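Asks: Read in order, the letters of the sequence shown correspond to residues -22 to -1, 1 to 257 in mature numbering (1 follows the signal peptide of the UniProt record, and there is no 0).
A virtual CB, placed ideally from N, CA and C, is assigned to each residue, including glycine.
As the structure is a prediction and not an experimental result, all values here were calculated from the model.
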Amino acid sequence: MAAGAALALALWLLLPPMGVEGAGPPPIQDGEFTFLLPAGRKQCFYQSAPANASLETEYQVIGGAGLDVDFTLESPQGVLLVSESRKADGVHTVEPTEAGDYKLCFDNSFSTISDKLVFFELIFDSLQDDEEVEGWAEAVEPEEMLDVKMEDIKESIETMKTRLERSIQMLTLLRAFEARDRNLQEGNLERVNFWSAVNVAVLLLVAVLQSMVASGRSRLLPQEQSPGAWCKRAHGGSTARNIMMARPWVAMLEKEKEGSGTGAPGPGCLWSCPSCPGW
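#1: Between the C-alpha atoms of Ala1 and Asp79, what's the straight-line distance to the nearest angstrom?
#2: Measure the Cβ-Cβ separation of Gln38 and Ala179 and say whether it is below 7 Å.
#3: Could you check the C-alpha separation between Pro54 and Phe97 for me, to the nearest Å?
#4: Around the C-beta of Ser185, are 16 or more other C-beta atoms found within 10 angstroms, so that it is buried, or is it exposed?
#5: In whole angstroms, what separates the C-alpha of Lys20 from that of Phe13?
#6: Looking at Val47: is its Cβ nearer than 7 Å to the Cβ of Phe84?
#7: Note down the Cα distance separating Leu149 from Glu156, rounded to an integer number of angstroms.
#8: Just the C-alpha distance for Phe88 and Leu142, rounded to the nearest angstrom, thanks.
#9: Which residues in the same chain have their Cβ closer than 8 Å to the Cβ of Ala29, if we skip the five residues on either side of it in sequence?
#10: Considering only DSSP beta bridges, list what Phe84 is partnered with.
#11: Between the Cα of Ala66 and the Cα atoms of Leu51, Ala43 and Glu133, which residue gives the shortest distance?
#12: How long is the line joining the alpha carbons of Glu36 and Lys94, rounded to whole angstroms?
#13: At which residues does the beta strand (DSSP E) containing Ala31 begin and terminate?
#14: By the 10 Å Cβ neighbour count, where 16 or more other Cβ atoms means buried, how is Leu82 classified, buried or exposed?
#15: If you measure between the beta carbons of Asp159 and Ile101, is that distance less than 7 Å?
#16: For Glu164, which three-state DSSP category applies?
#17: Of the residues Glu129, Ser174, Ile6 and Ser193, which one's Cα is nearest the Cα of Ser32?
#18: Just curious, the beta strand (DSSP E) that Val72 is in, first and last residue?
#19: What residues match up with Phe97 in a beta bridge as DSSP calls it?
#20: Taking the alpha carbon of Gln25 as the reference point, which residue from Ala17, Glu62, Val72 and Gly68 has its own alpha carbon closest?
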């Protein structure tokens, strides 16, 4: 018994009251959506619109390499209204609209690697709202004249409503711009950090190689390659012996220069190896 009463109460709350005709669908509200479009994929959305209204579509690519995407907008009859290729953002208005579902497609088929983060917003401006306001004004307008007319109040309220709606739309758009700029800055920071680390690694590698080459060259030059040892092997005998052999030739050369001014040096360590130690 209790379960049946609860079920009857639930049905009474969910079902519309009897005798209400022409309730119709709820009014269409503005909306925004952010989604990830995979590489090489195409994604479409359908939005219902009333007749004789204004539909404004704004989209923006806020993430991904290139920040571009293909966009198309079709009417409920399948007519292509907007077609854009490789765009980062766009704003389009359809006025007046047709009753039915509009098709919005975002295509990332040209990209084979990078996914795209896309934000779009739909803004409706229906004439039915104005008609409802007119009916409300006629219902509450007094017969006698007042100092402040209801028409002035209505215009002020409508102006405030329009400005508030535009403010909300601009804030939403600015939030999308901020998200795109933040993604760009984070990407630039990652690239700067990566290449800085690569440069530091290259500098360290070059320093290690230079130290290894310098130590290797010092090991490749043994004591036998010194000038004195070379002079010893070239003339046979000790370095001191070659030096003693070269000294008489020097004395003779000096005498010949003082006399005739001609003379030729003889063989010896002095001429073939001037840097011999001990001279």
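Replies: On the basis of the coordinates in this document:
#1: Residue placement at Ala1 is flagged as unreliable, the pLDDT there being 46, under the threshold of 50; the coordinate-derived value follows with that caveat. Their backbone Cα atoms lie some 20 Å apart in a straight line.
#2: When the beta-carbon positions are compared, Gln38 and Ala179 stay at least 7 Å from each other.
#3: CA-to-CA, the gap between Pro54 and Phe97 works out to about 23 Å.
#4: The sequence given here places Ala at residue 185; Ser does not occur at that position. With fewer than 16 other beta carbons inside 10 angstroms of its own, Ala185 counts as exposed.
#5: Their backbone Cα atoms lie some 12 Å apart in a straight line.
#6: Their beta carbons are under 7 Å apart, which means Val47 touches Phe84 by this criterion.
#7: Between Leu149 and Glu156, the C-alpha separation is close to 10 Å.
#8: The straight-line gap from Cα to Cα measures roughly 39 Å.
#9: So the list reads Pro74, Thr75, Glu76 and Ala77, once near-sequence residues are dropped.
#10: In DSSP, Phe84 forms a bridge with Gln21 and Phe49.
#11: For Ala66, the nearest C-alpha among the options comes from Ala43.
#12: Between the C-alpha atoms of Glu36 and Lys94 there is a straight-line separation of about 16 Å.
#13: Where Ala31 is concerned, the enclosing beta strand (DSSP E) stretches over Ala31 to Gly41.
#14: With 16 or more neighbouring CB atoms inside 10 Å of its own CB, Leu82 falls in the buried class.
#15: No, the Cβ-Cβ distance between Asp159 and Ile101 is not below 7 Å.
#16: Three-state result, Glu164: helix.
#17: Answer by Cα proximity: Ile6.
#18: Where Val72 is concerned, the enclosing beta strand (DSSP E) starts and stops at Asp67 to Val72.
#19: The bridge partners DSSP lists for Phe97 are Thr12 and Gln38.
#20: The shortest C-alpha to C-alpha distance from Gln25 to any of Ala17, Glu62, Val72 and Gly68 is the one to Val72.
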